[in-house]
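Novice: All residue numbers for the sequence shown refer to the working numbering, where the first residue is 28 and numbers rise by one.
Ideal Cβ positions, reconstructed from N, Cα and C, are used throughout, including at glycine.
Remember, predicted model here, so these are calculated numbers, not experimental data.
Could you have a look at this structure, given as C-alpha cells, before my questions?
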Amino acid sequence: MVGATYDILIPIQTPLAPGANISSVVFDVADARTVELMFSITSPQADVHWRVHFGPTPNNGYATARQGDFGRFNTIAISVPVFGTGVFVAVENNGANATAVDGNIRVIHGLA
C-alpha cells in the first residue's frame with residue numbers, strides 16, 4: 028500500500044535578500060521511498076542556487092543529493108529517491124537582487 032503526505036517546505040513569499048540563504052526544516056522521511064519537491068523564486072535568477080540534502084550521513088551531517096540554480100526557470104519541481112531518514116532544502120542568493128522563495132513537499136510512503 029502506498030500513501031502520501033503533503034507539507035509546506037518553505038512558507039509562501041519568504042524574503043531572500045542578496046547574500047542570504049534559507050533552509051527548510053528537516054523533514055522525517057524514514058519510511059518514505061520518494062520525495063517530491065516544488066519550490067520557486069519570484070523570477071529566474073542564475074545567481075540563486077538550491078540544494079536538496081539527505082541525512083544523516085555516517086558523520087551525522089547531511090549530503091547534497093541534488094542541486095541547481097534558477098537561471099532558466101523560477102520554479103523547480105523534482106522527484107528524488109530517499110537517501111536517508113531526513114531531508115531539507117537550502118536556497119542561497121549569491122546575486123545582487125532580492126527575491127522571495129517558497130515551496131511544498133510531498134512525501135511518498137511505501138507502506139507494508
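Among residues of its own chain, excluding the 5 on either side of T112, which ones have a beta-carbon nearer than 8 Å to its beta-carbon?
Specialist: Around T112: D55, V56, A57, G82, P83.
Novice: Could you tell me which of G137, N48, F66 sits nearest to L36, measuring between CA atoms?
Specialist: Ranking G137, N48, F66 by Cα distance to L36 puts F66 first.
Novice: So what does Y33 bridge to, in DSSP terms?
Specialist: Note: Y33 sits in a beta bridge opposite R133.
Novice: For T126, tell me which candidate among P45, T32, H76 has the shortest Cα-Cα distance.
Specialist: The residue with the shortest Cα to Cα distance from T126 is P45.
Novice: Cα separation between A73 and A47?
Specialist: Taking the straight line joining both Cα atoms gives about 15 Å.
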